[in-house]
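Asks: Quick one: the structure is below, questions incoming.
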Ligand SMILES: [Zn+2]
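Quick look at the structure:
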C-alpha cells in the first residue's frame with residue numbers, strides 16, 4: 011500500500027527576465043495637464059500679509075512646518091514671501107513653530 015502524501019506543495023514559479031522592475035513614478039515626461047499658476051501671480055489683488063493667519067495657515071503642513079513649493083504651487087518669489095510672512099507670524103505667536111500634538115513635554 012503506497013499511500014504516501016502528495017508532495018506537490020506550492021511550486022515556486024520562476025520568472026523570466028522581465029525588465030518590469032521600475033514601478034511608481036509618472037508616466038511620460040513633460041508638465042502634467044495644465045500648469046497651475048501661482049495664486050499670488052494669478053490674482054494681483056491677493057495681498058500677502060503676516061497678519062493673515064488664515065491664509066498663511068494654508069501654506070503650512072499639518073505639523074506647522076512651511077510647506078514646499080510643490081505643496082503650495084507658488085512661484086519662487088511668492089514662496090519666499092510666504093515663508094517670510096510665516097516666520098514673522100511665528101515670531102508674533104500667530105502661528106505655531108510646531109504642531110501641538112508633536113510637541114513633547
Ligand atoms: Zn507668484
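Residue numbers (the working numbering): 11 to 115. In this text, a Cβ means the ideal position worked out from N, Cα and C, and glycines have one as well. Being a predicted model, the structure only gives us computed values, none of them experimental.
Under 8 Å, do residue 66 and residue 105 count as touching if we go by C-beta distance?
Replies: yes
Asks: Tell me whether residue 81 counts as near ligand 1, meaning its Cβ is closer than 7 Å to at least one heavy atom of that ligand.
Replies: Taking 7 Å as the cut-off, the C-beta of residue 81 does not count as close to any heavy atom of ligand 1.
Asks: According to DSSP, what are the bridge partners of residue 70?
Replies: 76
Asks: Looking at ligand 1, does it come within less than 7 Å of residue 84, judged from the CB to the closest heavy atom?
Replies: yes
Asks: Report the rounded CA-to-CA distance for residue 86 versus residue 74, giving the unit in angstroms.
Replies: 20 Å
Asks: Nearest-angstrom Cα distance between residue 72 and residue 82?
Replies: Taking the straight line from one Cα to the other gives about 13 Å.
Asks: My understanding is that residue 76 touches residue 49, with C-beta atoms under 8 Å, so please give their C-beta distance in whole angstroms.
Replies: That pair is no contact at about 15 Å.
Asks: Just how far apart, CA to CA, sit residue 100 and residue 53?
Replies: 25 Å
Asks: Using the Cβ count rule (16 or more neighbours within 10 Å means buried), how would you classify residue 70?
Replies: With 16 or more Cβ atoms within 10 Å of its Cβ, residue 70 is classed as buried.
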